[in-house]
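Here the protein sequences come in this chain order: A and B.
Residue 373, in our numbering, is where the first sequence stops; the numbers in between run on with no holes.
Residue 1794, in our numbering, is where the second sequence stops; the numbers in between run on with no holes.
Where a beta carbon is used, it is the ideal one built from N, C-alpha and C, also for glycine.
It should be emphasised that the depicted structure is a prediction, and the values quoted were computed from it without experimental measurement.
These notes are about the structure you will find just below.
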Amino acid sequence: MSLLVDTSLSLVLFSVLIALGAGRLPGLIRVVAFQGVVVSMVPLLIGHNLSVGGVAFTVATLVIRGLVIPLAIYVAIRRKAIRQEVEPIVGPHASLLLGLVLIVAATWVGRSFHLPTADHSKLLLPTAISLLVAGMFLLMARRNAIAMVLGYVMLENGIYVVGTTFSARTHHIVEFGILLDVLAGVMIMAILLQHIKLAAGDVDTSLLRSLKD
Amino acid sequence: MHLELVFLIPLVTGILAFSGPKSFGRPLLVITGVAHLGASVYVWVQRPEAFFSSYFAISPEGLLSLVVISLLFMLISIYATGYLEEHPLASERVFCGSMLLFLSTMTMVTISDHIMVMWIAIEATTLASAPLIYSHRSKKSLEATWKYVLICSVGIALALLGSVLITIAMDVGKVDAPVSFSALTARATDLDAPWLKAAFVFIVVGYGTKMGLAPMHTWLPDAHSEAPAPASALLSGVLLNCAYLGLFKTHALMQAAGLGDFSGMVLMVLGLVSILVAATFIMRQQEYKRLLAYSSVENMGIIALGTGIGGLGAYGAMLCLIHHSLIKSSLFLSSGNILLGYGSRLISKTGNLAGKMPRTCLAFLAGFVGIAGFPPFGLFLGELFIIVAAFRTGHPVFGGILVLSLCVIFAGFANHVIRLAYGPAAQDQDQGRGQDPESSGSTPTPNPTLFQEKATMFWPQYVLLSTSVLLCFWMPETLYKTIAAAVGYTGGGF
C-alpha cells in the first residue's frame, strides 16, 4: 500500500511544478482537478476509510474536489469568455525554480517531524506542505482572479492531506461539512468572478484597487 | 426543546425568505428576530441539552455572545424595515434571506463545542454574509465583497489547518477524547506542546483575520463601509465576536495546557499592533463609515490585549466585547441615516447633523462618547479594567501604549465627529452630489430634504445605547456569574 500512496503523492508533487509553470488557465484547472482526485483517494489508499460509509465519503470527496469544483470554475471561464492567461506577477520560469526549491525544502522539513502517519507514507507531509505553500504562492503571485481561486483550492487540498491523519478521528459528517463549506466558498467566488468580468471587463485583480486609505 | 433549535429557527425562515415572495422578507426579519430572542432567553434560563451533544454544547462565553447576537439582531431587524422602505434594494429577497442565514450561522458558532464544527460555522458566516456586502451591486461593493470572501476564506483555511494540528497534538500525545473544546480542555496537559503551539499560531492568524486584528484586517474597512447599514451593524457588532469566540476558546485550551504565557503574549502583541494601526488610520480618515470600521479594529485589539493579559484584563475584555457590540452597532445604524440624509460617505460632504437630523445626531454623539470609552457607557469599565490589569501584571509598557493610543484615537475621532455634527453643512449637497465620484454608484441617492427621521430608524439605537448604560450601573447577578465563569478558564474575574 505504502508504495501506491507514495507513487500517487509523487505525481501530486510533480503536478505542483506544472501548476507553478502553467501559463494558461485551462491547464491550471486540469492540474488542480488531478490533485483533487489523488488527494481524496489518499485516505482510502492508506487504509483509513475501509468501511462502507468511508468509501461513500471518499467517492463524494472525489466527485466534489476532482470534478464539481474544477468544472464550476471552468464553466465560469467559458461562459464569460474570460482571457485564458494567468497574468503572473512572478514569471513562469522563476515560479518553476521556486517550486523546485519548495519541494526540496518541504521534503527536508517533512523529515524532521515525526507524524503518527509516517509509517504509511514518507511523502505525506512534504506533499501537504508543497500544496499549501504553492497555493499561497499562486494567491500572491497571480493577478488573474481565477488563478487566485485555484490557488485557494490548492491550499485547501493541502490541508486535506494533513487532515487525512485525523480522518480516523472525526466523523464523516464533520468532514462533509468542511467539504460543503469549501464547495460553497468556491461557488460564491465563481459567481463573484462573473460579476467582476461584467463590471470591469476582465478578471485582472489590479483593476480592483479603488478602495484604499 | 433541544439546543439546536436556536439556530434552526433562522435557518428555516432564511430559506423561506429566499423562496417566498418578496413581501415576505421584512416581516420575516422582525418575526425571526423576536422568536430568536425568545429562544436565546430560554436557552440562558433553562440551559437545554443538545441533541448532537458531541458537536454542540452550552458554554458561558457562547451564551454571552448568543444573547448579544439575538438582542442586536432583533433591534437591527426593526431598523432594517425602516431602512428598506427608505432605500429599497434591488435584491431585497437575497438581502433578507442572507440576513437570516447569517444569524443562523452566527448562532451556530456560539453553541459549537466540536473544534471542526466551530470552523464550519465560522466559514459559513463568511459565505452567508458575502451577499450582504454586495447588496448595492456597485463596482466598489463588488471589490469589497471579493476582498472579503478571498481574504477571509484563505485566513480561515489556515484556522482549519490549525484545528487539524490540534488533532495531531492529540495523536502525538496519545489523547483519546472527542475533538471538542470542553473535552480537550479537561485533558489539555496530555496534548503535545509543540504541535499545540503551532496549532495556536495558525488559529490566531485564521480567526484573527476574521476578527479584524492587524495586520490581517485589510478587508474589514472595505466590507464594513460598503455593506448597507443594517448589515454593517451586524458585521461589526457581532460577527467579529464570533471569530473572537474561536480565538478565546483556543486560548483557554492553551491556558489549560500550561501554554497560556505563549498564547497570551501572542494575543497581547497582535492586540497592541491593531490598536496602533487603527490609531494611525483614524487620524487621517475621510469617510465616516470607514472611521467606524477602524474603530472596530481598535476595539478588537483592546479585547485581544485584555484576553492576553488575563485575570482582571480578561474580565474587562468580556465587558468590552459586550459593550462594543451594543455601541458600535448603534453607531453603524446611525451612519445609515447619515448616508441616507447626505448621500455621501465623505465626512467633508456632511455637516450640521445636529440641525438636520437632531435625533440621529443625539444617537451618533452618544455612541461616540461610548465608543471613546467615557462613562456612563460600559466600555469605560472594560477599558479601565484592562489598563489596571496591564499595570498590575507587570506590563506597564503595554498599558502605557494603550493609554496613549486611546488618547490619540479620541482626539482623531472627536475631530471628525464634531465636523460631522456641528461643522458647516457642505453647501447644497443636492447639486454637488451628482458629479462627486466618491459618492456615486454605490451610495443611495435619496433627496436630503425628503429624509425624515422615522421612529424605527432611531429608537433601536437609543435602546442599544441605554442597554449599555444600564449594564454599566446595574449588572444582573446571572450576567456577572456567566462572565466570571467564562473568564474563569483564564484565571479571570476579580
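Determine the direct distance from the alpha carbon of residue j to that of residue i, and round the result to whole angstroms.
i, j, result
"B:Arg1590", "B:Ser1525", "6 angstroms"
"A:Val215", "B:Val1573", "47 angstroms"
"A:Arg271", "B:Gly1546", "31 angstroms"
"B:Leu1311", "B:Gly1338", "16 angstroms"
"B:Ser1644", "B:Ala1523", "17 angstroms"
"B:Lys1439", "B:Lys1510", "23 angstroms"
"B:Val1688", "B:Ser1629", "27 angstroms"
"A:Ala350", "B:Asp1490", "43 angstroms"
"B:Trp1774", "A:Ser366", "52 angstroms"
"B:Leu1269", "B:Ile1627", "No information on residue 1269 of chain B is available, as it lies outside the stretch 1301 to 1794 that chain B covers here."
"B:Tyr1544", "B:Ile1315", "27 angstroms"
"B:Phe1562", "B:Ile1671", "30 angstroms"
"A:Ile237", "B:Ala1514", "34 angstroms"
"B:Ser1536", "A:Phe174", "44 angstroms"
"B:Met1583", "A:Leu222", "51 angstroms"
"A:Leu376", "B:Met1657", "There is simply no residue 376 of chain A to check, as chain A begins at 161 and stops at 373 in what is shown."
"A:Arg239", "A:Gly183", "20 angstroms"
"A:Ile189", "A:Tyr234", "7 angstroms"
"A:Phe297", "A:Pro252", "12 angstroms"
"B:Lys1549", "A:Arg243", "45 angstroms"
"B:Lys1497", "B:Leu1559", "8 angstroms"
Skipping 5 residues on each side, what residues in its chain have a beta carbon closer than 7 angstroms to that of residue i?
i, result
"B:Thr1467", "Val1479"
"A:Val250", "Ala301"
"B:Gly1734", "Interpretation of B:Gly1734 is limited by its pLDDT of 42, a score under 50 that renders its predicted location unreliable; the figure taken from the coordinates is listed afterwards. Closer than 7 angstroms at Cβ, skipping near neighbours: no residue."
"B:Phe1402", "Thr1425, Ala1428, Ser1429, Leu1432 and Leu1534"
Taking only beta-carbon atoms, is residue i less than 8 angstroms away from chain A?
i, result
"B:His1302", "no"
"B:Ala1488", "no"
"B:Glu1598", "no"
"B:Phe1395", "no"
"B:Asp1522", "yes"
"B:Met1418", "no"
"B:Ala1251", "Residue 1251 of chain B cannot be examined here, being either before or after the span of chain B that is shown, 1301 to 1794."
Of all Cβ atoms in chain B, is any one closer than 8 angstroms to the Cβ of residue i?
i, result
"A:Ile348", "yes"
"A:Gly251", "no"
"A:Ala344", "yes"
"A:Ser370", "yes"
"A:Asp373", "yes"
"A:Gly196", "no"
"A:Gly259", "no"
"A:Gly270", "no"
"A:Gly187", "no"
"A:Gly361", "no"
"A:Gly183", "no"
"A:Asp341", "yes"
Taking buried to mean at least 16 other C-beta atoms within 10 Å of its own C-beta, is residue i buried or exposed?
i, result
"B:Phe1500", "buried"
"A:Asp128", "Only positions 161 to 373 of chain A appear in the structure, and residue 128 of chain A is not among them; the question remains open."
"A:Leu210", "exposed"
"B:Lys1322", "exposed"
"B:Asp1730", "Low per-residue confidence applies at B:Asp1730: pLDDT is 46, beneath 50, and the placement is therefore not dependable, though the value from the model is reported in the following sentence. Exposed, because fewer than 16 other Cβ atoms sit within 10 Å of the Cβ of B:Asp1730."
"B:Glu1777", "exposed"
"B:Ile1718", "exposed"
"A:Lys357", "buried"
"B:His1624", "buried"
"B:Ile1609", "buried"
"B:Trp1495", "buried"
"B:Pro1431", "buried"
"B:Asp1492", "buried"
"A:Arg225", "buried"
"A:Arg369", "exposed"
"B:Arg1347", "exposed"
For residue i, which residues from the same chain have a beta carbon less than 6 angstroms from its beta carbon, with the 5 sequence-adjacent residues on both sides left out?
i, result
"B:Gly1362", "Thr1410 and Ile1411"
"B:Ser1377", "Leu1329, Val1330 and Gly1333"
Once the 5 residues before and after residue i are set aside, which same chain residues still bring their CB inside 8 angstroms of it?
i, result
"B:Ile1456", "Trp1419, Ile1422, Glu1423, Thr1426, Gly1506, Tyr1507, Thr1509 and Lys1510"
"B:Leu1372", "Ala1533, Leu1534, Gly1537, Val1538, Ser1625, Leu1626, Ser1629 and Leu1764"
>> For the segment 1450-1464 of chain B, list every residue whose C-beta sits within 8 angstroms of some C-beta in chain A, in sequence order.
In response: Leu1450, Ser1453, Val1454, Ala1457, Leu1460, Leu1461 and Val1464
> Which residues, in order along the segment 205-237 of chain A, keep a beta-carbon less than 7 angstroms from a beta-carbon of chain B?
Replying inline: none
>> Give me the subset of the segment 1760-1774 of chain B whose CB atoms are less than 9 angstroms from a CB atom of chain A, sorted by chain position.
In response: none
>> Give me the subset of the segment 1371-1391 of chain B whose CB atoms are less than 9 angstroms from a CB atom of chain A, sorted by chain position.
In response: none
> Which residues, taken in chain order from the segment 1399-1416 of chain B, show a beta carbon closer than 8 angstroms to some beta carbon of chain A?
Replying inline: His1414 and Met1416
> For the segment 1421-1442 of chain B, which residues have a CB atom closer than 7 angstroms to at least one CB atom of chain A, in sequence order?
Replying inline: Glu1423, Ala1424, Leu1427, Ala1430, Lys1439, Lys1440 and Leu1442
> Relative to chain A, which residues along the segment 1559-1586 of chain B have a C-beta separation below 9 angstroms, given in chain order?
Replying inline: Phe1581, Arg1584, Gln1585 and Gln1586
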